[in-house]
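J.: Per my numbering, the first sequence runs over residues 490 to 786. Where a beta carbon is used, it is the ideal one built from N, C-alpha and C, also for glycine. None of these values were measured; they are calculated from a predicted model. Let me give you the structure first, and then I'll get to my questions.
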Amino acid sequence: MRLYKLKDDDGEIVVVAGLQHFSLKQIADSGQCFRMTALPVSDGIKESYSVCWGEHHVRVDATDTPEQFVFHCTEDEFRQTWYRYFCLDYDWYPLVQSGAVANTDTFLTNAIQYGGGIRILNQGLWETLICFMISQNNNIKRIAKSVDLLCQKYGTRKCDRGIEYYTFPSPPALIGADFSNLGLGYREAYFNELFLPNHASDFANWFIKVHTADSYETAKKLLMMTKGIGNKVADCICLYGLQHFEAYPIDTWMKKLIDDIYSGHFDTTPYASCAGYVQQLQFYYYRSLKKTKQGGC
DNA sequence: TCCCAGGCTTGGT
DNA sequence: ACCAAGCATGGG
């Protein structure tokens, strides 16, 4: 992977060349994140996405040159924010591919061929916590809508090189907040309880404990102590928020998949260091086979 | 009208 | 320990 710092009309840009196994569309549609939206493309650009995370925003283009991308931000922003967000320092692809072949797992082999441009995003504990509390028994389109409404109501409106966006609310902004009219449904009660004003210090302590937990198991246990966070949501938060790659979230799709493809049991131990990546590949591929029509995120 | 969506809590065995 | 109902809401 090579970086080139250039300038265009709007300011500094970073061109990334030789970035293998990276697909904006696949990441946007993978169901990990809910604030990545497609933009119209122009000449020389195959895909263009607006990516929001925390208070940050960037436009990223996939160019006509294979494995070449343009990040419309400064080199500092790229290195400090987006390189980490997209988890570009390590590529699990080769390990999982050779593992799938060694285990004669043709489904996984097909899955990585189909969706090998997926990365496990590093979205931080805070944003992952909120988004995946909303995600339970919900669909991706509606999750994205609720998250968007939340950002509009409690975030800050900003403009990045001509693109308007709202920052993700900070923790203090949600203490005692009004969670009605966000389309949360029955999940609203979970938010009201978690962000009760008189429990603000309890929340802060709990959050820090989760953040500094010494292991996946400890973090997961702590997460599941809160109402609204069960086994699956805790796994998603561990994986996307805390980089516990051994987490392997099982939702309704994964249940069906494991039933269908692996006759009821899938052993993650051969992929222990990257079980979450394997899960994403399986999830993404299986949905592509089964779904008739579905919006992205 | 019924069923499903990146499930969880609660209350029954 | 496992199982079922109920849970808001929107879309097919």
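Over the uninterrupted beta strand (DSSP E) stretch that includes LEU495, give me the two end residues.
T.: One-based indexing of the first sequence puts residue 495 at position 6. Segment 491 to 497, the beta strand (DSSP E) holding LEU495.
J.: Would you give the residue range spanned by the beta strand (DSSP E) that GLY500 belongs to?
T.: Position 11 of the first sequence, counted from the start, is the residue given in the question as residue 500. 500 to 506 is the extent of the beta strand (DSSP E) around GLY500.
J.: Residues in its own chain within less than 7 Å of GLY500 by CB, not counting five upstream and five downstream?
T.: As a first step, residue 500 is located in the first sequence; it is residue number 11 there, counting from the start. Once the five neighbours on either side are set aside, the close Cβ partners of GLY500 are ARG650.
J.: Just to confirm my understanding: we take LEU671, look at its own chain, exclude 5 residues before and 5 after, and list those with CB closer than 6 Å. What are they?
T.: Mapped onto the first sequence, residue 671 falls at position 182. Hits under 6 Å: SER635, LEU638 and LEU639.
J.: Out of LEU746, LYS710 and LYS494, which one is the CA nearest neighbour of PHE567?
T.: For this step, residue 567 is matched to residue 78 along the first sequence. Residue LYS494 is the option with its Cα nearest to PHE567.
J.: If we count the other Cβ atoms within 10 Å of its Cβ and call it buried at 16 or more, is THR781 buried or exposed?
T.: Position 292 of the first sequence holds residue 781. Per-residue confidence for THR781 stands at a pLDDT of 49, beneath the threshold of 50, marking its modelled position as unreliable; no derived number is given.
J.: For a test of the three-state rule: what should DSSP assign to CYS640, helix, strand or coil?
T.: As a working note, residue 640 is residue 151 in the first sequence. Reduced to three states, the DSSP call for CYS640 is helix.
J.: Do LEU728 and PRO738 come within 9 Å of each other at the CB atom, strictly closer than that value?
T.: Your numbering for residue 738 matches position 249 in the first sequence. Your numbering for residue 728 matches position 239 in the first sequence. Result yes, Cβ atoms of PRO738 and LEU728 sit closer than 9 Å.
J.: Name the DSSP beta bridge partners of MET525, please?
T.: On the first sequence, position 36 is the one that residue 525 refers to. In DSSP, MET525 forms a bridge with VAL540.
J.: Would you call the stretch 712 to 728 and the stretch 745 to 761 touching, i.e. three or more CB-CB distances under 8 Å?
T.: no
J.: Can you say whether SER539 is buried or exposed, counting buried as having 16 or more other CB atoms within 10 angstroms of its CB?
T.: One-based indexing of the first sequence puts residue 539 at position 50. Answer is buried; the Cβ neighbour count reaches 16.
J.: Evaluate LEU685 with the Cβ neighbour count: other Cβ atoms within 10 Å of its Cβ, from every protein chain shown; 16 or more gives buried, anything less gives exposed.
T.: As a position in the first sequence, residue 685 is number 196, starting the count at 1. Per the 10 Å Cβ criterion, exposed.
J.: My understanding is that LEU610 touches MET490, with C-beta atoms under 8 Å, so please give their C-beta distance in whole angstroms.
T.: In the first sequence, the residue the question calls residue 610 occupies position 121. In the first sequence, the residue the question calls residue 490 occupies position 1. With a contact defined as Cβ atoms closer than 8 Å, LEU610 and MET490 miss out at about 17 Å.
J.: Which of the three DSSP states, helix, strand or coil, is assigned to CYS562?
T.: Position 73 of the first sequence holds residue 562. In this structure, CYS562 counts as coil in the three-state DSSP scheme.
J.: Whole angstroms are fine: how far does the CA of ASP703 sit from the CA of THR715?
T.: If you number the first sequence from 1, residue 715 lands on position 226. If you number the first sequence from 1, residue 703 lands on position 214. About 19 Å.
J.: If we call anything under 9 Å between Cβ atoms a contact, is VAL504 one with PHE575?
T.: To locate residue 504, count along the first sequence from 1; it is residue 15. To locate residue 575, count along the first sequence from 1; it is residue 86. Their beta carbons are not under 9 Å apart, which means VAL504 does not touch PHE575 by this criterion.
J.: Considering only DSSP beta bridges, list what TYR774 is partnered with.
T.: Translated into positions along the first sequence, residue 774 becomes position 285. Paired residues: none, contrary to the question.
J.: Can you give me the C-alpha to C-alpha distance between GLY785 and TRP542, rounded to a whole angstrom?
T.: Here residue 785 refers to the residue found at position 296 when the first sequence is read from its first residue. Here residue 542 refers to the residue found at position 53 when the first sequence is read from its first residue. Bear in mind that the predicted position of GLY785 carries a pLDDT of just 33, short of 50, making it too unreliable to give a figure here.
J.: Does the Cβ of ALA736 have 16 or more other Cβ atoms within 10 Å, making it buried, or fewer, making it exposed?
T.: Numbered from 1 along the first sequence, position 247 holds the residue referred to as residue 736. ALA736 should be labelled buried.
J.: Let me know the secondary structure DSSP gives LYS545 once reduced to three states.
T.: The count along the first sequence starts at 1 and reaches residue 545 at position 56. Correcting the residue identity first, residue 545 is His in this sequence and not Lys. Residue state, collapsed to three classes: strand.
J.: I need the straight-line Cα distance from GLY605 to ALA633, nearest angstrom please.
T.: Translated into positions along the first sequence, residue 605 becomes position 116. Translated into positions along the first sequence, residue 633 becomes position 144. Taking the straight line joining both Cα atoms gives about 24 Å.
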